[in-house]
Every structure is written in structure tokens, then in C-alpha cells.
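Novice: One structure follows; several queries about it will come next.
Residue numbers (our numbering): 277 to 345.
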């Protein structure tokens, strides 16, 4: 899964596009790989951490299941 996501990010990266990779990215080495892809394309890279309580996460997941996503 990570290799397919990494390949897609690499395919989409260029200086004119905004690529949002919505993934947990909890593995430091994987975040570094994504950073290197951005650096090789001479574009910017950022990691955004959205903190939510467990109850909020459970509620959001329940909402997602209801919509079939």
C-alpha cells in the first residue's frame, strides 16, 4: 500500500501542483521518503498533524461508514 501511494505521489508531484497525501504517515522513514520526493522535485513539503479525541475519531469513523466511504 505505501509503495503504491508513494508512486502516485511521485507521479503527481511538480512545481505547479498541490499534492495532499492523506495518510497516517506514522513511520518516520516513510515521511522522509515523501520529503525526499518533494526535495528532488524542488517543491515544498509539510506534515500536518490533526489532533482529535478518541470519541471524536470514533464519531467521524461512524459517519464515514454510514456514507459508504
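Note that beta-carbon positions come from the ideal geometry of N, C-alpha and C, so glycine has one too.
The structure displayed is predicted, hence computed values, not measured ones.
(1) With DSSP collapsed to three states, give me the class of residue 280.
(2) What does a CB cutoff of less than 8 angstroms around residue 311 pick up in its chain, not counting 5 residues either side in sequence?
(3) Is it right to say residue 313 is buried, meaning 16 or more other beta carbons lie within 10 angstroms of its own, or is it exposed?
(4) Closer than 8 angstroms is the cut-off here; do at least three beta carbon pairs connect the stretch 316-330 with the stretch 284-300?
(5) Measure the C-alpha to C-alpha separation of residue 330 and residue 337 and round it to an integer number of angstroms.
Specialist: Taking the definition as stated:
(1) By 1-based counting over the chain shown, the position of residue 280 is 4. Helix.
(2) Counting from 1 along the chain shown, the entry for residue 311 is found at position 35. For residue 311, where only same-chain residues beyond five positions count, the Cβ hits under 8 angstroms are 321.
(3) On the chain shown, residue 313 is found 37 positions in, with the first residue counted as 1. Per the 10 Å Cβ criterion, buried.
(4) For the pair of segments examined, the stretch 316-330 was found to touch the stretch 284-300: the number of CB pairs separated by less than 8 angstroms reaches three.
(5) Residue 330 sits at position 54 when you count from the first residue of the chain shown. Residue 337 sits at position 61 when you count from the first residue of the chain shown. A straight line joining the alpha-carbon of residue 330 with that of residue 337 spans about 11 angstroms.
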